[in-house]
Ligand SMILES: [Mg+2]
């Protein structure tokens, strides 16, 4: 039986968090660096949290050395703040996601994991609100690498540790809502499924040529068949 390792992005793909997420980062940046940089208007979609922190602070004139010095402090401050602020009503689950995860988790030919630009601490907090963490025993996060394209290999290693199986690139499916998820998938020669439940439309995602493209995952059966056969 061919097995597939299916790696989900979080924001815009599984769920959406309201403005609390951005506010937690703004508060953490202000507390630790004395400036929020461009965090209020910066486009976060599909980017690693670590990269976002560097980008918004550089726009306020801080250099790499200065940012690196307090990076762990700002990361932990942001994760703590988000945990304190986040309530279940701040998190909107995307259409069809719970049904899709339930269906996939019951299949013997599917192994589920995360591949996300979130730090593990903040990502797990977001997933805890709609109680999705149990679907994802492992993942690759912003803590693990600076570039998203380095995350698939890390997720594959963790999958091997968890299941005993060494997944090849073509057995990996990466599901996300931005061009960055599609590019990341392509760089690993994995299969890429894009879903237009984030900030990008079907037309915008289509121009980046994912292997499959969905408006949303409301049709569970069609989504499962695509994930298994893509
Ligand atoms: Mg996303």
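Residue numbers (our numbering): 127 to 356.
The beta-carbon is built from N, C-alpha and C at its ideal position, and this holds for glycine as well.
Compare the beta carbon distance of residue i and residue j with 8 Å and say whether it is the shorter of the two.
i	j	result
residue 179	residue 197	yes
residue 264	residue 175	no
residue 237	residue 289	yes
residue 222	residue 327	no
residue 132	residue 280	no
residue 207	residue 150	yes
residue 336	residue 310	no
residue 165	residue 152	yes
residue 205	residue 163	no
Leaving aside the five residues before and after residue i along the sequence, list all residues of the same chain whose C-beta is less than 8 Å from its C-beta, in chain order.
i	result
residue 161	155, 183, 186, 188
residue 211	146, 149, 150
residue 296	315, 316, 317
residue 262	134, 238, 239, 240, 253
residue 350	226, 229, 230, 233
Distance cutoff 8 Å, beta carbons only. Does residue i sit that close to anything in chain B?
i	result
residue 214	Given the protein chain composition of this structure (a single chain), no chain B is represented.
Can you find the residues in the same chain that come closer than 6 Å, C-beta to C-beta, to residue i, ignoring five residues on each side of it along the sequence?
i	result
residue 325	171
residue 193	180, 183
residue 291	none
residue 130	236, 297, 299
residue 266	241, 277, 280, 281
residue 293	131, 282, 285
residue 144	216
Counting only the same chain and skipping the five closest in sequence on each side, list residues whose C-beta sits under 7 Å from that of residue i.
i	result
residue 201	245
residue 356	299, 317, 319, 337, 338
Inter-stretch contact (C-beta, 8 Å, three-pair minimum) for the region 184-193 and the region 315-325: no
Cβ contact check for the region 203-221 and the region 237-257: 3 or more pairs under 8 Å: yes
Inter-stretch contact (C-beta, 8 Å, three-pair minimum) for the region 326-333 and the region 272-287: No, they do not touch.
Ranges of the alpha helix (DSSP H) found wholly within the region 277-348, counting only runs of at least 4: 277-289, 305-313, 328-332
Touching by the beta-carbon criterion (3+ pairs, under 8 Å), the region 158-172 and the region 221-234: no
Inter-stretch contact at 8 Å, needing at least 3 Cβ pairs: the region 297-306 / the region 319-326: yes
The region 235-245 contacting the region 130-137, beta-carbon criterion three pairs below 8 Å: Between the region 235-245 and the region 130-137, the count of C-beta pairs closer than 8 Å reaches three or more; the two stretches touch.
Unbroken stretches of the beta strand (DSSP E), 3 residues or longer, contained in the region 174-237: 217-219
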